Amino acid sequence: MTSSESVLWGYRPWFTRWPVLVRYLQGPLSLTPSQLALYNGSDSSLPIYLAINGSVFDVSANPLVYGPGGHYNFFTGKDATRAFVTGCFQEDQTHDLRGVEEMFMPVVEEAELKTLSSGEKKIRREQDRRLARTSVQKQVQHWENFFRNHKKYFEVGKVVGLEVPEEQRELCQSAKQQRPKRSSLKKGN
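Numbering (full-length UniProt numbering), first residue to last: 1 to 189.
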């Protein structure tokens, strides 16, 4: 027996991972966006952090992916929750999720709209928006759980002082193109 993994059949509890134990003993961090920006991998003496939905995760265990020159370096040093949901990595590097539900709202064809009364249209829009917001929250929860339950990454704290911009962002082109068509939803596709 050379490590805790051999005794525990491949399971490695959080308290056997040194960086996680140190962070636990020091307590959670509260970082402002400007403080979080320092942890983007450009300074090798600092860990690499990314945030999603206000939770900060240490991803230093994978510097080839999250460090300078890595495929996902653009996520580090900020809360880019919107980019995780929309997939628009360059233009949506923000925590502001307002308007993202649009990408999950079905596109309705004009011919179908003509068959509905104004009350039916309103009810349908409200139902679609409610379902779309649920889809956004599921996406955010998926990514938050991915980092929270990852065997190499761990939560180190929270982002504080996130300000909501005055102007709501427009949905990026790629996300607009992903919108489902109502006719394909009816067919079960």
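We treat Cβ as the ideally placed atom computed from N, Cα and C, and that holds for glycine.
Remember, predicted model here, so these are calculated numbers, not experimental data.
Beta bridge pairing from DSSP links TYR49 with ASP58.
Here the alpha carbon of ASP79 sits roughly 38 angstroms from the alpha carbon of LEU113. In the three-state reduction of the DSSP assignment, THR32 falls in the coil class. Secondary structure of PHE146 (DSSP, three-state): helix. Taking every protein chain shown into account, the CB of HIS71 has fewer than 16 other CB atoms within 10 angstroms, so this residue is exposed. When DSSP states are grouped into helix, strand and coil, PHE89 belongs to the coil group.
For the 7 angstroms CB-CB criterion, PHE57 and PHE146 do not form a contact. Bounds of the alpha helix (DSSP H) holding LYS114 are 110 to 114. Here VAL159 is not near ALA83, since their CB atoms are 7 angstroms or more apart. Contact annotation, THR81 with GLY41: C-beta distance approximately 19 angstroms; criterion of less than 8 angstroms not satisfied.
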